[in-house]
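Numbering (the working numbering), first residue to last: 7 to 188.
The C-beta atom is built at its ideal place from N, Cα and C for all residues, glycine as well.
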C-alpha cells in the first residue's frame, strides 16, 4: 500500500503541476494564487478516487515550471502543448521506472476558478497493482479561496492529512525506481 500511495502521490503531484509544465508550442496559464482542491478520478486503475488540496501562488507555479522542466526533458522524448478553441491539448511520451507511457490530455477552464484535465495514457507494460496498461484520469480542480493560515505556497494535503510541499519533489524523485519489478 505504501508503494501504491507513493506512486499515486507522485502521479497526482505531477498532474497538479500541469499548469506549470514546460511548453514548447504554447504555455498554460498560471493558476490563481490560493488554495486549490483537486479531485482525481481514475478508470482502468486499482487506485481509488483521491482529493488533494494544493496551496499555490504565482511564484510557486512558475517555479514548478522551471523545476519540472529539467525532469520532464530528462524523462520525456515528446511533450507538446497546443492551444485550442476550448483550452489546451497535451501529448507526451515519457519513460518512468523503465516503463514508456504515452499520454494525451485535454485541459479546459479558466485557471482562476476551475479547470479540468481529462487524460488517457498507455504504458508499454503493466505493473501488478499500481500501473495498468491503459487508464483514463480526470482531474477536477476548483479554487477554494486563500490558503489556510498554517499553509505556505507549494503545500499539498493528501487524504489522511499527509502533507508535503511540491518544492520537495526533488527528494521524491530519488525514490522512483529505475525499473519496476517484473
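Buried or exposed for residue 162, going by 16 or more other Cβ atoms inside 10 Å?
Buried.
List the endpoints of the continuous beta strand (DSSP E) containing residue 111.
105 to 115
Helix, strand or coil for residue 25 per DSSP?
Because residue 25 sits at a pLDDT of 44, beneath the cut-off of 50, its placement in the model cannot be relied upon, and the point is left open.
Verify whether the separation of the beta carbon atoms of residue 143 and residue 125 is less than 8 Å.
yes
DSSP beta-bridge partners for residue 160?
According to DSSP, residue 160 bridges with nothing at all.
Nearest to residue 119 by alpha carbon, out of 32, 41 and 33?
41
Flag this pair as yes or no: are the beta carbons of residue 57 and residue 160 separated by less than 8 Å?
no
Does DSSP classify residue 38 as helix, strand or coil?
The answer is coil: DSSP assigns residue 38 none of H, G, I, E or B.
Please report the straight-line C-alpha distance between residue 84 and residue 152, rounded to a whole angstrom.
35 Å
According to DSSP, simplified to helix, strand and coil, what is residue 56?
strand
Measuring straight from C-alpha to C-alpha, what distance separates residue 172 and residue 113?
21 Å
Taking the beta strand (DSSP E) that residue 33 falls in, what are its first and last residues?
Where residue 33 is concerned, there is no enclosing beta strand (DSSP E), given that its DSSP letter is neither H nor E.
State the DSSP-derived secondary structure class of residue 68, mapped to helix, strand or coil.
helix
Cutting at 6 Å between CB atoms, please list the residues of its own chain near residue 115, excluding the five before and the five after it.
121 and 122
So the candidates are 32, 166 and 105; which of them puts its Cα closest to the Cα of residue 90?
Nearest C-alpha to residue 90: 32.
I'd like to confirm the pairing. Which residues does DSSP put opposite residue 97 in its beta bridges?
86 and 110
Taking only the alpha-carbon atoms, compute the straight-line gap between residue 86 and residue 80 and give it to the nearest angstrom.
15 Å
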